Amino acid sequence: MAMTVPPKTDAPTVTCTIDGVELTVPAGTTIYTAAKEAGIDIPVLCHDERFDPVGVCRMCAVDVGGRVLAAACVRPCEDGMEVTTASETVERQRATLTALLMADQPPVEEDPKETTTGDNLLLALARRYEVGHAEQLPQGRGRGIDDSNPVIHVNHDACILCDRCVRACDDLQGNDVIGRSGKGYASRIAFDLNDPMGESTCVTCGECVAACPTGALTNKPIRNVPIRPRSELKSVDSVCPYCRNPAEASFLSCPHCGTKLKQACRRCKAPLEPSWRLCPYCETATVQTPPAAERTRREPTTERPVR
Ligand code: SF4
Ligand code: FES
């Protein structure tokens, strides 16, 4: 079956075959992106299309006929390439990788992501490949819990070092707070110079929590309001208070009234209450309560505020 994904630019194209589907895509398109355009599902963990791919987890491994499997999220399509995304070898590798990653995870019933928003990607893969906690593997739990932030819980044992939070913090929000520290098993994410999160320069924007695929970074309930699954949240149209463009913002949800809140205007990039995110509808601070004097809506302006 031949299928053409129309190039978005005048750039040269390449033609390859993925699971028997012939695809023509712009040169440089990754196997993951081409497969997605063709409706072929390749599981990912470290990849999120909002960030540059880094290819660290290898969950997206596919067979390109080479000596080793290739990471679909970073490997570009090549002319004449024949890709198999779900052979027995590929699926066995993914199942083994999932079992290894599960070794240090907390019990499912205690997982703070699975028991609140219910969107733990690693646990979803564990169910798909029918692997459990790999009790036969030595478990090295002990990288620690960081409960120093009033609204974000950090469980380093549940971290799979996918660097999604690092890219969310650095590339999306531009806060540059999260990095890596340690070597070997002691490797873990670090805030500033390995400070407790609550004592670091973190502004508690929540982007890392939204990016994390496991229960390593999770929201704590505020004022005993339960954290609800995304499927139970409703979205509303609104405008950027800085550039006044409607529907030009990405949204977060108020856990109190369920309203989705702007996070940053896509057009002017204005950060919209990035550190405390006051819900403009129920007037409740969703992350940190600002001083009462600050709890007023800012006047629209076309200038980007200094952060
Ligand atoms: S804390 Fe979450 S997002 Fe960050 S590296 Fe660990 S698993 Fe990935
Ligand atoms: S999803 Fe491709 S290497 Fe992690």
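Each step along the sequence shown adds one to the number in the working numbering, with nothing skipped, and position 135 is 1275. The beta-carbon is built from N, C-alpha and C at its ideal position, and this holds for glycine as well. As the structure is a computational prediction, the values presented were derived from the model and not from experiment.
Distance, THR1170 Cα to GLU1162 Cα: 15 Å
Residues that CYS1156 bridges to, as DSSP identifies them: For CYS1156, the beta-bridge partners assigned by DSSP are LEU1163.
Cα-Cα separation, VAL1196 to VAL1365: Whole-angstrom Cα-Cα distance: 36 Å.
Closest residue to PRO1362 among ASN1315, ALA1308 and ILE1292 (Cα-Cα distance): Checking the displayed sequence, the identity of residue 1362 turns out to be Ile instead of Pro. It is ILE1292 whose Cα lies nearest to the Cα of ILE1362.
Option nearest LEU1301 by Cα separation, candidates MET1337, ALA1326, THR1224 and GLY1206: Closest by alpha carbon: ALA1326.
Other residues of its chain near VAL1230: CB distance less than 8 Å, five sequence neighbours each side excluded: ALA1201, VAL1202, ASP1203, LEU1209 and THR1224
Minimum length 3: unbroken beta strand (DSSP E) runs contained in the region 1279–1321: Segments of the beta strand (DSSP E) lying fully in the region 1279–1321: 1292–1295 and 1318–1321.
Those residues which DSSP pairs with ASP1335 across a bridge: PHE1331
Closer than 7 Å: THR1351 CB and nearest ligand 1 heavy atom: For clarity, residue 1351 is Ala in the given sequence; the question names Thr instead. Answer for ALA1351: yes, Cβ within range of ligand 1.
Exposure label - LYS1253; buried when at least 16 CB within 10 Å: By the 16-neighbour rule on beta-carbons within 10 angstroms, LYS1253 is buried.
Presumed contact (8 Å Cβ cut-off) between CYS1186 and ASP1303, rounded CB distance: 6 Å
Check whether ASN1260 and GLY1179 have beta carbons under 8 Å apart: Contact annotation: ASN1260 and GLY1179 have beta-carbon atoms that are not nearer than 8 Å.
Buried or exposed (CB count within 10 angstroms, at least 16 for buried), THR1358: buried
Cβ shell of PRO1369 (< 8 Å), same chain only, five flanking positions each side left out: THR1256, THR1257, GLY1258 and ASP1259
Distance, VAL1294 Cα to GLU1177 Cα: Taking the straight line joining both Cα atoms gives about 35 Å.
DSSP three-state assignment for VAL1343, whether helix, strand or coil: coil
Reduced DSSP category for ALA1151 - H, G, I as helix; E, B as strand; rest coil: coil
Simplified DSSP assignment, three categories, for LEU1209: coil
heavy atom of ligand 2 below 7 Å from CYS1200 C-beta: Yes, the Cβ of CYS1200 comes within 7 Å of a heavy atom of ligand 2.
Rounded separation between VAL1154 and THR1164 - CA only: Between VAL1154 and THR1164, the alpha-carbon positions lie close to 6 Å from each other.
Helix, strand or coil at THR1238 [DSSP, three-state]: In the three-state reduction of the DSSP assignment, THR1238 falls in the helix class, which pools H, G and I.
Reduced DSSP category for GLU1372 - H, G, I as helix; E, B as strand; rest coil: helix
Close-in-space but distant-in-sequence residues of the same chain around SER1288 (CB under 7 Å, 5 per side omitted): Within the same chain, SER1288 has close Cβ partners PRO1336, MET1337, GLY1338 and GLU1339.
Residue from LEU1263, GLN1313 and GLY1314 with nearest C-alpha to ASP1244: LEU1263
Pair within 8 Å by beta-carbon distance, ALA1212 and ALA1175: For ALA1212 and ALA1175, yes; Cβs fall inside 8 Å.
Endpoints, the beta strand (DSSP E) within which LEU1357 is located: 1357–1359
Beta carbon of PRO1246 nearer than 8 Å to that of ALA1298: yes
Close-in-space but distant-in-sequence residues of the same chain around GLY1168 (CB under 6 Å, 5 per side omitted): PRO1216
N- and C-terminal bounds of the alpha helix (DSSP H) containing LEU1185: Careful: LEU1185 lies outside any alpha helix (DSSP H) and carries neither H nor E.
Integer Cβ distance of GLY1319 from ALA1330, believed to fall under 8 Å: 5 Å
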